[in-house]
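Counting in full-length UniProt numbering, the sequence shown runs from 1 upward without gaps. Right, one structure below, let's go through it.
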Amino acid sequence: MSSPSEEPLGLGTPMLARFPFSSDKKSFNHGGWGAYPNIVRDAMRQFQTQFESHPDIFVRFSQPAIHTEAQENVAKVCGVSSNDCVFVRNTTTGAATVLHNLNYAEGDVIVYFSTTYGAFQKMITHLTEITPFTDAIQQIRSQGLNPRIAIFEMVVSIPAFRFPFERLTQVCKSENILSLIDGAHGLGAIPIDLEQLRPDFFVGECHKWLYVPRSCAVLYVNPAHQHLMHTTIPTSWGYINTDGSQVLLPWSISTESTTNSKFQTLFRYVSTHDSTPILCIPTASDSANNVEGEARIYQYLETLANEGADIVATTLATEVLQEPNLKPGEVSQYRRCALATVRLPLAIDGYDCNESSPYAALSPAEVRDTINYFGERLANDYGTWVPIFPYEGWLWVRLSAQIYLERKDFELLAAWLKALCDEVGTRQPRTRSGPSLKF
């Protein structure tokens with residue numbers, strides 16, 4: 001399917017015309033759900049119409065070629081061969097698929113970090129973590145255990161900062177430990193070259209930063225480990241038996257599937273689900289290229305995330321999360337991404353904090369209600385929402401940069417947050433307007 005052309009637009013406010021946002025609302029949480037341009041929405045609806053016109057003909061004869069093109073598009077962004085990439089529903093499904101397919105022996109453990117995304121943590125049954133990473137490995141082995149695989153992120157979600165995934169991948173190689181990288185906030189947000197990095201496994205969301213409809217993710221499996229993949233989640237038509245055989249029913253697949261590898265075929269048809277988000281990837285890729293391509297977007301997102309965070313921190317008289325004791329002019333490696341974390345001037349009682357707050361500390365019992373109050377007021381009074389969370393004795397806010405935002409938007413958000421911090425910090429009566437939002 002050929003994509004309609006778009007007229008070039010400048011980044012920032014002019015880009016809002018390409019997205020289906022309400023004119024009275026602002027989105028500062030692109031990292032939460034993603035968003036996609038109108039042209040991608042129209043492509044999705046066209047694919048859905050084609051599917052419903054005759055599901056069998058569309059799935060068997062039209063969809064495979066578009067699916068392959070989508071695969072090639074994502075593989076290019078990842079910097080690897082499309083033979084090594086497959087699609088899954090989301091990063092959690094991709095990570096679960098990898099962990100489910102590995103063979104484990106007595107004493108094998110999975111290593112992850114305290115920053116690992118919560119849904120990933122819940123699928124792991126053992127944790128041993130000591131900093132630095134190499135010390136943790138030695139400690140695990142000194143207990144007679146074997147670190148089988150390590151899971152870590154490209155960009156941590158909460159609190160948001162860029163993780164040293166490149167160095168950790170190299171440590172895993174030198175220590176003979178499998179690496180599984182969570183790229184949910186990396187794919188489409190920072191430059192990626194998996195061919196050079198060569199992790200064992202990588203999973204990344206397409207619907208967060210690649211402007212693709214929800215939900216859609218890519219799973220990369222190093223060619224050396226593709227033989228380990230026997231089943232999808234849920235197990236479906238492409239299941240590979242332990243003897244390596246793959247029995248396919250002739251009527252259940254298209255003729256193109258017979259030319260794919262067993263690994264590719266395994267993931268092509270996984271139960272019944274809406275595959276149109278995958279098919280929208282070429283259109284989303286074309287749309288991104290119309291704003292000067294991926295490199296320009298990466299640069300804009302990182303620059304705006306840094307500038308926006310500085311604006312908010314200055315207004316609140318606080319700080320941006322980054323490495324301690326940076327020298328003047330030294331670039332923060334934590335902040336080389338599209339997300340940023342800013343401290344609110346609201347301390348939590350019971351913590352030994354170095355910084356002072358102009359307000360009395362919140363009691364632990366007040367924290368949850370305060371977070372909910374911020375969310376309700378931001379949504380109802382200002383038409384926006386941002387993640388606010390406790391970390392190291394303070395409340396913090398996560399910010400997402402995006403091509404439809406610019407500095408003046410973060411100036412607005414900073415003023416809104418300052419007003420709410422003053423209201424909460426001085427213990428003014430909390431006025432809740434309730435769920436009055438209209439769409």
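A virtual CB, placed ideally from N, CA and C, is assigned to each residue, including glycine.
Nearest-angstrom Cα distance between residue i and residue j?
i           : j      : result
Val171      : Cys78  : 21 Å
Val331      : Phe21  : 34 Å
Thr97       : Gln139 : 28 Å
Gly164      : Gln50  : For the record, residue 164 in the displayed sequence is Pro; it is not Gly. Cα-Cα distance, rounded: 44 Å.
Thr125      : Ile278 : In this prediction, Thr125 scores a pLDDT of 31, lower than 50, which makes its location untrustworthy; no coordinate-derived value is stated.
Glu129      : Glu205 : The pLDDT assigned to Glu129 is 35, lower than 50, so where the model puts this residue is not dependable; a value taken from the coordinates is nonetheless given after this. One C-alpha to the other measures close to 26 Å.
Ile181      : Glu106 : 24 Å
His67       : Thr370 : 45 Å
Ile192      : Gly186 : 8 Å
Glu423      : Arg430 : 8 Å
Lys26       : Val291 : 21 Å
Ile57       : Tyr211 : 28 Å
Trp394      : Lys408 : 26 Å
Pro14       : Leu399 : 20 Å
Gly383      : Arg368 : 21 Å
Phe152      : Thr169 : 9 Å
Ile240      : Gly10  : 49 Å
Cys421      : Arg335 : 24 Å
Tyr351      : Tyr391 : 10 Å
His54       : Gln48  : 10 Å
Gln121      : Met154 : Residue placement at Gln121 is flagged as unreliable, the pLDDT there being 40, under the threshold of 50; the coordinate-derived value follows with that caveat. Approximately 16 Å, taken between the alpha carbons.
Ala70       : Pro282 : 6 Å
Asp310      : Leu304 : 10 Å
Leu248      : Gln264 : 13 Å
Ala361      : Asn354 : 13 Å
Ala401      : Leu16  : 13 Å
Ile149      : His100 : 12 Å
Leu412      : Thr426 : 21 Å
Phe201      : Ser174 : 16 Å
Ala119      : Leu321 : A caution first: Ala119 carries a pLDDT of 45, below 50, which makes its placement in the model unreliable, though a value can still be read off. The alpha-carbon atoms of Ala119 and Leu321 are separated by roughly 23 Å.
Trp385      : Gln46  : 31 Å
Ala288      : Ile297 : 8 Å
Ala136      : Asp108 : 14 Å
Arg60       : Asp274 : 14 Å
Gln196      : Ser82  : 15 Å
Pro223      : Val80  : 11 Å
Tyr104      : Asp24  : 53 Å
Ser215      : Val86  : 14 Å
residue 468 : Ile110 : As shown, the chain starts at 1 and ends at 439. That puts residue 468 outside it, with no answer to give.
Out of the options, state which residue places its alpha-carbon closest to the alpha-carbon of residue i.
i      : options                        : result
Ile177 : His225, Gly188, Leu219, Phe161 : His225
Arg167 : Ser179, Ala75, Val109          : Ser179
Phe374 : Ala361, Ser363, Phe389         : Phe389
Pro364 : Thr169, Asp349, Phe152         : Asp349
His230 : Tyr220, Asp243, Ala401         : Asp243
Ile158 : Val397, Gln428, Arg427, Ser287 : Val397
Asp286 : Asn73, Ala340, Ile240          : Asn73
Gly183 : Val156, Phe47, Ile311          : Val156
Gly188 : Phe113, Ala17, Tyr36, Asp135   : Tyr36
Trp237 : Gln428, Gln143, Arg268         : Arg268
Asp84  : His227, Arg45, Val111          : His227
Arg198 : Ser215, Arg214, Pro213, Tyr220 : Tyr220
Thr272 : Ser81, Asp24, Val88            : Val88
Ser114 : Ala160, Thr235, Asp108         : Ala160
Thr341 : Asn372, Ala414, Gly293         : Ala414
Gln333 : Ala65, Thr235, Arg343, Arg162  : Arg162
Leu194 : Ala75, Leu145, Ser23, Thr92    : Ala75
Cys280 : Glu52, Ile110, Arg377, Gln63   : Gln63
Arg377 : Tyr104, Gly144, Trp416         : Trp416
Ala65  : Ala284, Asn260, Gly293         : Asn260
What is the C-beta distance between residue i and residue j, in whole angstroms, given that I count them as a contact (C-beta under 8 Å)?
i      : j      : result
Pro387 : Asn29  : 6 Å
Pro324 : Pro345 : About 19 Å separates the two Cβ atoms, so there is no contact after all.
Leu316 : Lys418 : 6 Å
Ala338 : Glu302 : 6 Å
Glu406 : Gly12  : 4 Å
Thr232 : Val270 : 5 Å
Phe19  : Tyr404 : 6 Å
Glu319 : Ala313 : 6 Å
Gly34  : Ala217 : Contact flag wrong, Cβ pair sits at about 11 Å.
Pro147 : Met44  : Not really, about 42 Å apart at Cβ, beyond 8 Å.
Using 7 Å as the cut-off, classify the Cβ of residue i as near or not near the heavy atoms of the ligand FAD, replying yes or no.
i     : result
Val88 : Of the ligands one can find in the structure shown there are none, so the ligand FAD has no counterpart to examine.
Handout entry: Ranges of the beta strand (DSSP E) found wholly within the stretch 132 to 181, counting only runs of at least 3
Key = 146 to 153
Handout entry: Unbroken stretches of the beta strand (DSSP E), 3 residues or longer, contained in the stretch 181 to 235
Key = 201 to 205, 217 to 221
Practice task
Decide yes or no for the touch test of the stretch 28 to 43 against the stretch 317 to 334: beta carbon pairs closer than 8 Å, at least 3 of them.
Solution key: no
Exercise for the section: Write down every uninterrupted run of the alpha helix (DSSP H) in the stretch 58 to 83 whose length is 4 residues or greater and which is fully enclosed by it, in chain order. Expected result: You should have 63 to 78.
Handout entry: Continuous beta strand (DSSP E) assignments of at least 3 residues falling wholly in the stretch 322 to 385
Key = 339 to 347
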